[in-house]
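Peer 1: One structure coming up, written as structure tokens, with questions to follow.
Residue numbers (my numbering): 27 to 223.
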């Protein structure tokens, strides 16, 4: 059983800090793609061979962005999507999900409410990827999302944590048995169940 893994800069990734290292990867990808202090919009269905996570949906378009809450709160306003599915999942640096918002609304995220310096917002909007007019409608909805933050701050994570991730699908498998169910493992910090690995 693997107990730890060293990064390129000598940092150690273990079961105790794996969630943070994995989150650094996801946040770092959003930042590298231009999604820091703003949302970047993916305009097509996620190609199966380009997924960052193993469970990307083929019938939703994604928008993601990482935000520095030490620089100040961020407010994200979601447009009226009528009866179309639209959600925004909020993910902390510790890989907790303190909120998921559905439909139209204005949502302010701050350090006190989130609990970590950085937060990732992941927006999903239902689309028929084979219908050009439906794609255009969803692109307009993506463009109608408004992000407000007075200062974007900076993105400072340990440089080696991104290289410590194992190849897709084998990230932490050898660290121990999986959670008996994912449900209690994806929640707010106070309600989540830690799987002892």
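For each residue, glycine too, the CB sits at the ideal point set by N, CA and C.
Counting along the chain, where does the beta strand (DSSP E) carrying residue 135 start and finish?
Peer 2: Note, residue 135: beta strand (DSSP E), 131-135.
Peer 1: For residue 74, does the three-state DSSP call read helix, strand or coil?
Peer 2: Reduced to three states, the DSSP call for residue 74 is helix.
Peer 1: Taking only the alpha-carbon atoms, compute the straight-line gap between residue 118 and residue 149 and give it to the nearest angstrom.
Peer 2: 15 Å
Peer 1: Just reading off the beta strand (DSSP E) that residue 111 is part of, what are its end residues?
Peer 2: That residue, residue 111, is in no beta strand (DSSP E); it is neither H nor E in DSSP.
Peer 1: For the beta strand (DSSP E) containing residue 101, list its first residue and its last residue.
Peer 2: Boundaries of the beta strand (DSSP E) harbouring residue 101: 100-104, taken from the DSSP string.
Peer 1: Would the segment 128-139 count as touching the segment 154-170 if we require 3 or more Cβ pairs under 8 Å?
Peer 2: no
Peer 1: Kindly indicate the opening and closing residues of the alpha helix (DSSP H) around residue 159.
Peer 2: 158-170
Peer 1: So, at 6 Å on beta carbons, what are the nonlocal neighbours of residue 103 in its own chain, with the 5 sequence-adjacent residues on each side left out?
Peer 2: 132 and 172
Peer 1: With DSSP as the reference, label residue 181 as helix, strand or coil.
Peer 2: Here residue 181 sits in coil by DSSP.
Peer 1: Going by DSSP, what residue range makes up the beta strand (DSSP E) through residue 45?
Peer 2: Premise fails: residue 45 lies in the alpha helix (DSSP H), 44-58, not in any beta strand (DSSP E).
Peer 1: By alpha-carbon positions, which one of 116, 97 and 178 ends up nearest to residue 140?
Peer 2: When only C-alpha atoms are compared, the closest one is 116.
Peer 1: Just list the residues that DSSP pairs residue 150 with in beta bridges.
Peer 2: 88 and 113
Peer 1: Please report the distance separating the alpha-carbon of residue 105 from that of residue 38.
Peer 2: 42 Å
Peer 1: What is the C-beta distance between residue 87 and residue 164, in whole angstroms, given that I count them as a contact (C-beta under 8 Å)?
Peer 2: 5 Å
Peer 1: By alpha-carbon positions, which one of 174, 114 and 155 ends up nearest to residue 128?
Peer 2: 114
Peer 1: With H, G and I counted as helix, E and B as strand and the rest as coil, what does DSSP make of residue 198?
Peer 2: Note that residue 198 scores 46 on pLDDT, short of 50, meaning its location in the model is unreliable; the coordinates nonetheless yield the value given after this. If DSSP states are grouped into helix, strand and coil, residue 198 belongs with coil.
Peer 1: What does DSSP give as the partner residue(s) for residue 174 in the beta ladder?
Peer 2: For residue 174, which the question treats as bridged, DSSP gives the partners 101.
Peer 1: Decide if residue 124 is buried, meaning its Cβ has at least 16 other Cβ atoms within 10 Å, or exposed.
Peer 2: buried
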